[in-house]
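Residue numbers 1 to 189, in this note's numbering, belong to the letters of the sequence shown in order. Where a beta carbon is used, it is the ideal one built from N, C-alpha and C, also for glycine.
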Amino acid sequence: MNNKKRIAIFASGNGSNFEAIAEACRQNRLDAQVALCVCDHPGAYVTERAKRLEIPVLEFKPKNYSGKEEYERMILSELQKEEVELICLAGYMRIVGKTLLDAYKEKIINIHPSLLPAFPGVDAIGQALKYGVKVFGVTVHFVDETLDGGKIISQIAIPYEGGDREEVETIIHAWEHAIYVSTLKKLLN
Ligand code: GAR
Numbered sequence: 001m002n003n004k005k006r007i008a009i010f011a012s013g014n015g016s017n018f019e020a021i022a023e024a025c026r027q028n029r030l031d032a033q034v035a036l037c038v039c040d041h042p043g044a045y046v047t048e049r050a051k052r053l054e055i056p057v058l059e060f061k062p063k064n065y066s067g068k069e070e071y072e073r074m075i076l077s078e079l080q081k082e083e084v085e086l087i088c089l090a091g092y093m094r095i096v097g098k099t100l101l102d103a104y105k106e107k108i109i110n111i112h113p114s115l116l117p118a119f120p121g122v123d124a125i126g127q128a129l130k131y132g133v134k135v136f137g138v139t140v141h142f143v144d145e146t147l148d149g150g151k152i153i154s155q156i157a158i159p160y161e162g163g164d165r166e167e168v169e170t171i172i173h174a175w176e177h178a179i180y181v182s183t184l185k186k187l188l189n
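In structure tokens form, the structure reads like this:
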């Protein structure tokens, strides 16, 4: 029998973290299966990655719904159909509402490219560069109703060793992929 934990990954854009997790599952480095990719930007690159990896995609446009509660109810019904047990946010640029938080208590996690609570929100790497930090970071945390808030699960500090934004981003993203997979591994065990 297949006892793999069924996870859904929510993303809004590029989807490199989505692919890192999906690949880790496919290669049996994680005892889990990505059952669904949920994307609030139809046509975003993450949906192409999902199709290539033969992972079902749920695309929706928030503006076609009366509000968060209505679209989250729709998402919840799809998650239940797919028997999803854990939700991973990977560049999902929305605050999760009560509908999903109540249904998946302590079962929604997020990755953010900073040492939270520093630099929450959009473009954390840009915010940190502008501030002139000498140590960047990545945080994986449980999700609550606040912006990039919730109990921290794992965190890594990344010293700034020079380079422009693109170079810094490349390094941080590589660490994100590694830490998201290793954190999931610990949680799944
Ligand atoms: C990642 O850096 C992720 O940490 C960040 O969005 C990027 C998505 O990249 N998330 C946030 O900023 C959440 N507030 P990806 O689409 O290539 O995985």
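For the pair of segments examined, the segment 4-24 was found to touch the segment 85-99: the number of CB pairs separated by less than 8 Å reaches three. Going by C-alpha positions, residue 74 is about 13 Å away from residue 103. Contact between residue 158 and residue 175 holds, since their C-beta atoms are separated by about 6 Å, short of 8 Å. The beta carbon of residue 76 lies closer than 7 Å to those of 99, 100 and 103 in the same chain, with the five residues before and after it left out. Using a Cβ-Cβ distance cut-off of 8 Å, the segment 32-44 and the segment 110-122 are not in contact, since fewer than three pairs of beta carbons, one from each stretch, lie closer than that value.
Beta-bridge analysis with DSSP links residue 137 to 157. For residue 12 and residue 46, the gap between their C-alpha atoms comes out near 7 Å.
Ranked by how close their Cα comes to the Cα of residue 135, the residues 63, 118, 84 and 61 have 118 in first place. Contact between the segment 19-33 and the segment 57-74 is absent, with fewer than three C-beta pairs closer than 8 Å. Taken from the Cβ of residue 112, at least one heavy atom of the ligand GAR lies inside 6 Å. As a beta-bridge residue in DSSP terms, residue 59 pairs with 39. For residue 123, the closest C-alpha among the options 162, 163, 168 and 145 is that of 168. In this structure residue 51 is in contact with residue 57, their Cβ atoms being roughly 7 Å apart against a cut-off of 8 Å. Residue 30 and residue 145 have their C-alpha atoms spaced approximately 28 Å apart. Within a 10 Å sphere around the beta-carbon of residue 150 sit 16 or more other beta-carbons, which makes this residue buried. Within the DSSP secondary-structure output, residue 11 pairs in a beta bridge with 39.
Residue 51 is not bridged by DSSP to any residue. With a threshold of 16 other beta carbon atoms within 10 Å, residue 183 meets it and is buried.
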